[in-house]
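Trainee:
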Amino acid sequence: MLSAVVHTYNEESNIELCLRSLDFVDEIVIVDMGSTDRTCKIAEKFKTKIYNHPYTGFVEPARNFGISKTTGDWIIIIDSDEEIPTSLASFLLKEIKNTKGNYFRIPRKNIIFGKWMKHTGWWPDYQIRLFKRGCVTWTEKIHGVPITKGEGVDIPSDEILNIIHHHYQSVEQYITRLNRYTSISAKESYLANNKFYKKDLFEVPVKEFVNRYFVWEGYKDGVHGLALSLLQSISELITVLKIWELDGFKKDRITFTELQNHFDFEYRTKRYWIIEELLKLPQNFLSRIILKLKRKF
Numbered sequence: 002m003l004s005a006v007v008h009t010y011n012e013e014s015n016i017e018l019c020l021r022s023l024d025f026v027d028e029i030v031i032v033d034m035g036s037t038d039r040t041c042k043i044a045e046k047f048k049t050k051i052y053n054h055p056y057t058g059f060v061e062p063a064r065n066f067g068i069s070k071t072t073g074d075w076i077i078i079i080d081s082d083e084e085i086p087t088s089l090a091s092f093l094l095k096e097i098k099n100t101k102g103n104y105f106r107i108p109r110k111n112i113i114f115g116k117w118m119k120h121t122g123w124w125p126d127y128q129i130r131l132f133k134r135g136c137v138t139w140t141e142k143i144h145g146v147p148i149t150k151g152e153g154v155d156i157p158s159d160e161i162l163n164i165i166h167h168h169y170q171s172v173e174q175y176i177t178r179l180n181r182y183t184s185i186s187a188k189e190s191y192l193a194n195n196k197f198y199k200k201d202l203f204e205v206p207v208k209e210f211v212n213r214y215f216v217w218e219g220y221k222d223g224v225h226g227l228a229l230s231l232l233q234s235i236s237e238l239i240t241v242l243k244i245w246e247l248d249g250f251k252k253d254r255i256t257f258t259e260l261q262n263h264f265d266f267e268y269r270t271k272r273y274w275i276i277e278e279l280l281k282l283p284q285n286f287l288s289r290i291i292l293k294l295k296r297k298f
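Numbering (the numbering used here), first residue to last: 2 to 298.
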């Protein structure tokens with residue numbers, strides 16, 4: 002028997018598509034965190050078991066609660082803005098009959114601002130979502146890595162074998178979630194004794210941007226890649242600032258020399274990665290030598 006767990010909070014625009022895609026499971030458990038729209042009314046049209054859970058601002062506690070309400074030998078976790086295409090559903094049903102594994106890592110296709118993000122750190126975005134009962138639990142931290150038992154199996158990162166995630170649909174939605182997620186993340190970091198350091202105001206967002214745009218090839222996603230690299234770096238900056246707030250807005254001087262050093266660091270970092278990408282393009286011998294020298298110095 003295969004059970005599905007779906008977490009909801011004011012998802013009337015997404016929940017029907019999500020539940021229709023779960024017609025291959027034997028049981029659907031809805032964990033609602035106090036929706037005030039038509040989410041639960043829509044869910045009642047399907048064969049679902051609906052449970053209430055206190056609002057926490059993130060999904061992990063609701064997932065563990067939902068798992069406890071299932072009866073299946075296998076459990077699949079799906080968010081309300083996700084769907085399972087029929088190709089993946091058929092594949093998973095065959096796999097759980099024959100596998101020796103205890104859980105599956107499934108690739109996820111993130112649709113952000115109307116575009117499938119193939120780079121920028123968003124693909125293949127493997128998620129542990131299908132597992133035998135008792136083999137996976139979630140920590141109580143936002144975006145925490147699940148705790149697993151036994152052997153895991155990777156589903157091939159094929160275009161037709163993935164969870165479809167209708168992620169951020171507007172900049173406003175991104176900013177709204179950013180504010181909530183950064184508050185939770187900052188509190189968790191602060192309680193873990195990660196204090197505020199003024200250098201983090203420069204280094205943390207720069208590192209995030211460089212990773213997103215250069216290391217994870219966000220430039221291949223066009224304007225979407227640049228926009229999301231910037232937004233993710235801003236998110237990291239706001240998290241640092243909220244840690245500063247939790248630390249009591251400690252006063253500290255920043256000298257012009259420090260500013261210059263940080264700006265130089267930012268400039269050198271971005272310059273290095275721009276040259277690194279230029280070196281991947283066809284260049285004559287002399288141009289390659291010049292670029293390598295610029296990258297070094």
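For each residue, glycine too, the CB sits at the ideal point set by N, CA and C.
1) Pull the bridge partners of I217 from the DSSP assignment, please.
2) On the CB-based measure, 16 or more other CB atoms within 10 Å of its CB, does Q128 come out buried or exposed?
3) Determine the direct distance from the alpha carbon of K188 to that of E278, and round the result to whole angstroms.
4) Should R130 go down as buried or exposed, given a rule of 16 or more other Cβ atoms within 10 Å for buried?
5) Does the separation of the CB atoms of V7 and S81 fall below 9 angstroms?
6) Would you be able to state if there are at least three C-beta pairs under 8 angstroms between the stretch 200-217 and the stretch 98-112?
7) Would you mind working out which of E84, T87 and V137 sits nearest G102, comparing C-alpha positions?
8) Using beta-carbon positions only, say whether I31 and T49 come within less than 9 angstroms of one another.
9) How about I239 and L179: are their beta carbons less than 9 angstroms apart?
10) Is W274 near F215, with beta carbons less than 9 angstroms apart?
11) Between which two residues does the beta strand (DSSP E) harbouring Y104 extend?
12) Does DSSP classify G153 as helix, strand or coil?
13) Does the pairing of the stretch 8-19 with the stretch 45-65 give three or more beta-carbon distances under 8 angstroms?
14) Given a cut-off of 9 angstroms on the beta-carbon distance, is the pair F266 and F197 in contact?
15) Looking at the secondary structure, which residues open and close the alpha helix (DSSP H) in which N180 lies?
16) Can you round the beta-carbon distance between E246 and T140 to whole angstroms, since I take them to be within the 8 angstroms contact cut?
Mentor: In short:
1) What sits at residue 217 in the sequence shown is Trp, not Ile. Note: W217 sits in no beta bridge, so no partner.
2) buried
3) 37 angstroms
4) Classification of R130: buried, given that the 10 Å Cβ count is 16 or more.
5) yes
6) Here the stretch 98-112 makes no contact with the stretch 200-217; the two share fewer than three CB pairs at distances below 8 angstroms.
7) V137
8) yes
9) yes
10) Taking 9 angstroms as the cut-off, the Cβ atoms of W274 and F215 count as close.
11) Y104 to I107
12) strand
13) With a cut-off of 8 angstroms, the stretch 45-65 and the stretch 8-19 count as touching, because enough Cβ pairs lie within range.
14) No; because the gap between Cβ atoms is not below 9 angstroms, this pair is not in contact.
15) Judged by DSSP secondary structure, N180 falls within the alpha helix (DSSP H) whose first and last residues are V172 to L192.
16) Wrong, their Cβ atoms sit about 24 angstroms apart, outside the cutoff.
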